[in-house]
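Engineer:
Number of protein chains: 2
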Amino acid sequence: MPKLLHIDSSISGEQSTSRRLTARAARRWSAVHPGGTVTYRDLGLHPVPHFDAVTGLARMIRPEDRSRAQQLSFALSVELVEEIKRADTVLLGLPLYNFGPPSTVKAWVDHLIAPGISIDAETNAGLLGDTEFIVLAARGGGYGPGTPREGWDHAEPWLTHALSPTGLEPRFITAELTVAGSNPAMADLVPLAAISLGQAETAIDELWATDQAAAS
Amino acid sequence: MPKLLHIDSSISGEQSTSRRLTARAARRWSAVHPGGTVTYRDLGLHPVPHFDAVTGLARMIRPEDRSRAQQLSFALSVELVEEIKRADTVLLGLPLYNFGPPSTVKAWVDHLIAPGISIDAETNAGLLGDTEFIVLAARGGGYGPGTPREGWDHAEPWLTHALSPTGLEPRFITAELTVAGSNPAMADLVPLAAISLGQAETAIDELWATDQAAAS
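Which chain is which? The protein sequence lines are A and B, in order. Counting in my numbering, the first sequence runs from 1 upward without gaps. Counting in my numbering, the second sequence runs from 1001 upward without gaps.
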């Protein structure tokens, strides 16, 4: 049975564009994969702990020497990695906060980058390359080529680089200018925001088209 | 009396290059500012909480409508911003983890970006521009121009952009290749690592030279 892992990280609840996009993608996936199972994780409501000084050393010492806090931290890393290994497809909702990822997504990634779990400790080969990884990104402003803030989205390029040792390769579907409707200074951009959202939704609706064709 | 705020975020304790550099800079500051006072915050040992879904809304609702958790989150944002306003100089130790900042530094910045506290809610002017901000950065690999991983340091450019609404402008002093000595595959890079560390230390030792000259 095909398996989907659906992860949200927005702190904006029902106002969230990234949550709206992951929900749409999950519905699309379920329609194309009847009988598939979905696992859900909410990093915005239930963040994973920071990879802090107490737990960080867990990776560098022998299992039998780990403190209780270190054992728990290591077990969480294993749980998060296994969740991905079990999935055929991962959907991640990725809002842009202060020009970077949510700190909860950074903490999640810090747990995922783990030699011996997600990376072969001998060969350095990534062990998560069999999982499809689709990122539904949302950003309040405009960051396209030629705009004043081109290059200020530090979440997408970082995520690609950070996960590269594991073999996970994000495919981004991004809606931008998401705050245009609520920011009077951005009123002129409302039509562009609608186009961006529409393009993202179309891209979602075309996901797994090949699977569908192969199945029919 | 001049005031210094010294912040570390590394999870590596005494092995940390960024902690070694902030300690050197704090000693230098104290030597140049006799009678100055130093406040210390350790984000690696005592992380600030993620800016999560429960607390994120605290910024958007009236103070009298805030839940207890929202009140505490907002009070923490105020505390972190006031700590910077009180300081003449902030030192931040910034290690690079998985090509980005520690999640604790992201969470700290998310708390700092607060209209009405660090940003004038009417004019959008940054309110922290009077504080000098020196970042002592350390990264395990090499990221300079022409290297294979040029552009993979997503912490420094992000930090500059993220804090720009507050008026805080980071000046970076960076030591790189810090893991060369412990990674056999990087043995050839040990001499370059030593040069990079030496250059960072020299840059630290030359900080506040103008103040010193003016005072003598």
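Just so you know, even glycine gets a beta-carbon here, dropped at the ideal spot from N, CA and C.
Using DSSP's beta-bridge definition, name the partner residues of Glu-176(A).
Structural biologist: As a position in the first sequence, residue 176(A) is number 176, starting the count at 1. DSSP, once it has assigned bridges, lists Arg-139(A) as partnering Glu-176(A).
Engineer: In the DSSP output, what is Gly-100(A) paired with across the bridge?
Structural biologist: For the purposes of this step, residue 100(A) is identified with residue 100 of the first sequence, where counting begins at 1. Answer is Tyr-97(A), bridged to Gly-100(A).
Engineer: Straight-line CA distance for Pro-2(A) to Arg-1086(B)?
Structural biologist: The residue you call residue 2(A) lines up with position 2 of the first sequence. The residue you call residue 1086(B) lines up with position 86 of the second sequence. Answer to the nearest angstrom: the Cα atoms are 56 Å apart.
Engineer: Quick one: what's Arg-1171(B) bridged to in DSSP?
Structural biologist: Working through the second sequence from its first residue, we reach residue 1171(B) at position 171. Paired residue(s): Ile-1134(B).
Engineer: Should the segment 47 to 54 of chain A be regarded as contacting the segment 1005 to 1019 of chain B, the criterion being three or more beta carbon pairs within less than 8 Å?
Structural biologist: By the Cβ test, the segment 47 to 54 of chain A is in contact with the segment 1005 to 1019 of chain B, since at least three Cβ pairs between them sit closer than 8 Å.
Engineer: Among the residues of its own chain, which have a CB less than 7 Å from the CB of Pro-170(A), if the five just before and after it don't count?
Structural biologist: Locating residue 170(A) in the first sequence gives position 170, where the first residue counts as 1. Phe-133, Val-135, Leu-159, Thr-160 and Leu-163, listed in sequence order.
Engineer: Going by DSSP in three states, Gly-151(A) sits in which element: helix, strand or coil?
Structural biologist: Indexing the first sequence from 1 puts residue 151(A) at position 151. Gly-151(A) falls in the coil class under three-state DSSP.
Engineer: Would you call the CB atoms of Thr-178(A) and Thr-22(A) closer than 8 Å?
Structural biologist: Locating residue 178(A) in the first sequence gives position 178, where the first residue counts as 1. Locating residue 22(A) in the first sequence gives position 22, where the first residue counts as 1. Cβ distance not < 8 Å, so Thr-178(A) and Thr-22(A) don't count as in contact.
Engineer: By a C-beta neighbour count over all protein chains shown, 10 Å radius and 16 as the cutoff for buried, is Gly-1056(B) buried or exposed?
Structural biologist: As a working note, residue 1056(B) is residue 56 in the second sequence. The residue in question, Gly-1056(B), is buried, as its Cβ has 16 or more Cβ neighbours within 10 Å.
Engineer: Leaving out five residues before and five after Trp-1152(B) in sequence, what residues of the same chain have Cβ atoms less than 7 Å from its Cβ?
Structural biologist: As a working note, residue 1152(B) is residue 152 in the second sequence. So the list reads Phe-1099 and Tyr-1143, once near-sequence residues are dropped.
Engineer: Checking contacts by CB at 8 Å: is Asp-65(A) closer than that to chain B?
Structural biologist: As a working note, residue 65(A) is residue 65 in the first sequence. It does not; no Cβ of chain B falls within 8 Å.
Engineer: Residues of chain C with a CB under 7 Å from the CB of Ala-1114(B): which are they?
Structural biologist: You won't find chain C in this structure, because its protein chains are A and B.
Engineer: Do we get a CB-CB distance below 8 Å when we pair Tyr-1143(B) with the residues of chain A?
Structural biologist: Here the question's residue 1143(B) lines up with position 143 in the second sequence. Chain A, which has no Cβ nearer than 8 Å to the Cβ of Tyr-1143(B), makes this no.
Engineer: Cβ closer than 7 Å: which chain B residues qualify as neighbours of Tyr-97(A)?
Structural biologist: By 1-based counting over the first sequence, the position of residue 97(A) is 97. Result: Asp-1110.
Engineer: Taking the continuous alpha helix (DSSP H) assigned at His-1033(B), which residues delimit it?
Structural biologist: Start at 1 with the first residue of the second sequence, and residue 1033(B) comes out as number 33. Following the DSSP letters along the chain, one finds His-1033(B) in no alpha helix (DSSP H), marked with neither H nor E.
Engineer: Give the interface partners of Gly-167(A) over in chain B, defined as CB-CB distance under 8 Å, in chain order.
Structural biologist: Counting from 1 along the first sequence, the entry for residue 167(A) is found at position 167. Here the premise fails: no neighbours, minimum Cβ distance about 15 Å.
Engineer: Flag Leu-1080(B) as yes if its beta-carbon sits less than 8 Å from any beta-carbon of chain A, otherwise no.
Structural biologist: In the second sequence, residue 1080(B) corresponds to position 80, counting from 1. So no, Leu-1080(B) is outside the interface.
Engineer: Take Ile-204(A) and list the residues in its own chain whose beta-carbon comes closer than 7 Å to its own, dropping the five residues that flank it on each side.
Structural biologist: As a first step, residue 204(A) is located in the first sequence; it is residue number 204 there, counting from the start. Cβ-Cβ distances below 7 Å link Ile-204(A) to Leu-21, Arg-24, Ala-25, Arg-28 and Ile-173 in the same chain, with the five nearest sequence neighbours on each side left out; the list follows chain order.
Engineer: Please confirm whether Ser-1216(B) has its beta-carbon closer than 8 Å to some beta-carbon of chain A.
Structural biologist: Residue mapping note: residue 1216(B) aligns to position 216 of the second sequence, counting from 1. Because the pLDDT at Ser-1216(B) is just 47, under 50, the model does not fix this residue reliably, and the point stays unresolved.
Engineer: With DSSP as the reference, identify every bridge partner of Pro-1003(B), one or two as the case may be.
Structural biologist: Taking the second sequence and counting its residues from 1, one reaches residue 1003(B) at position 3. For the record, residue 1003(B) in the displayed sequence is Lys; it is not Pro. Per DSSP, Thr-1037(B).
Engineer: Going straight from the alpha carbon of Ala-1209(B) to that of Ser-1030(B), what length do you get?
Structural biologist: In the second sequence, counting from the first residue as 1, residue 1209(B) sits at position 209. In the second sequence, counting from the first residue as 1, residue 1030(B) sits at position 30. For Ala-1209(B) and Ser-1030(B), the distance between alpha carbons rounds to 13 Å.
Engineer: With 7 Å as the C-beta to C-beta threshold (strictly closer), list the residues of the segment 44 to 55 of chain A near chain B in chain order.
Structural biologist: Gly-44, Leu-45, Pro-47, His-50, Phe-51, Asp-52 and Ala-53
Engineer: Straight-line CA distance for His-6(A) to Thr-37(A)?
Structural biologist: On the first sequence, residue 6(A) is found 6 positions in, with the first residue counted as 1. On the first sequence, residue 37(A) is found 37 positions in, with the first residue counted as 1. About 11 Å.
Engineer: Within 8 Å of any Cβ in chain A, is that where the Cβ of Pro-1148(B) sits?
Structural biologist: In the second sequence, counting from the first residue as 1, residue 1148(B) sits at position 148. Judged by the 8 Å Cβ criterion, Pro-1148(B) is not in contact with chain A.
Engineer: With H, G and I counted as helix, E and B as strand and the rest as coil, what does DSSP make of Leu-91(A)?
Structural biologist: For the purposes of this step, residue 91(A) is identified with residue 91 of the first sequence, where counting begins at 1. Strand, per DSSP.
Engineer: Can you have a look at Asp-1110(B) and say buried or exposed, based on whether 16 or more other CB atoms are within 10 angstroms of its CB?
Structural biologist: Translated into the one-based positions of the second sequence, residue 1110(B) becomes position 110. It counts as buried.
Engineer: Is DSSP giving Ile-1117(B) helix, strand or coil here?
Structural biologist: Reading the second sequence from its first residue, position 117 is the one you call residue 1117(B). Coil at Ile-1117(B), not helix or strand.
Engineer: Taking Cβ positions only, does Trp-208(A) come closer than 8 Å to chain B?
Structural biologist: Walking along the first sequence from the start, residue 208(A) turns up at place 208. No, Trp-208(A) lies away from the interface with chain B (no Cβ there is under 8 Å from its Cβ).
Engineer: Provide the residue span of the alpha helix (DSSP H) that contains Thr-202(A), from first to last.
Structural biologist: Start at 1 with the first residue of the first sequence, and residue 202(A) comes out as number 202. Thr-202(A) -> alpha helix (DSSP H) spans 190 to 205.
Engineer: Out of Gly-1167(B), Thr-1104(B) and Thr-1131(B), which has the shortest C-alpha to C-alpha gap to Asp-1120(B)?
Structural biologist: Sequence index remark: in the second sequence, residue 1120(B) carries index 120 (1-based). Per the Cα distances, Gly-1167(B).
Engineer: Label Ala-75(A) either buried or exposed according to how many other C-beta atoms from any shown protein chain fall within 10 Å of its C-beta, with 16 as the threshold for buried.
Structural biologist: As a working note, residue 75(A) is residue 75 in the first sequence. Exposed: under 16 other Cβ atoms inside 10 Å.
Engineer: Nearest-angstrom Cα distance between Leu-92(A) and Ala-1193(B)?
Structural biologist: Within the first sequence, residue 92(A) is the residue found at index 92, counting from 1. Within the second sequence, residue 1193(B) is the residue found at index 193, counting from 1. Spanning the two alpha carbons is a distance of roughly 37 Å.
Engineer: Confirm, please, whether the CB-CB distance from Thr-131(A) to Val-90(A) is below 8 Å.
Structural biologist: Position 90 of the first sequence, counted from the first residue, corresponds to residue 90(A). Position 131 of the first sequence, counted from the first residue, corresponds to residue 131(A). Yes, Cβ-Cβ distance for Val-90(A) and Thr-131(A) is below 8 Å.
Engineer: How long is the line joining the alpha carbons of Leu-72(A) and Ala-200(A), rounded to whole angstroms?
Structural biologist: Here the question's residue 72(A) lines up with position 72 in the first sequence. Here the question's residue 200(A) lines up with position 200 in the first sequence. Those two C-alpha atoms are separated by around 38 Å.
Engineer: Assign Thr-104(A) to buried or exposed, taking buried as 16 or more other Cβ atoms, counted over all protein chains shown, within 10 Å of its Cβ.
Structural biologist: Along the first sequence, one-based indexing puts residue 104(A) at 104. Buried, by the Cβ-count rule.
Engineer: Which residue from Glu-64(A), Arg-41(A) and Arg-62(A) puts its Cα closest to that of Glu-79(A)?
Structural biologist: Along the first sequence, read from residue 1 onward, the residue named residue 79(A) stands at position 79. Comparing Cα-Cα distances from Glu-79(A) to each of Glu-64(A), Arg-41(A) and Arg-62(A), the minimum goes to Arg-41(A).
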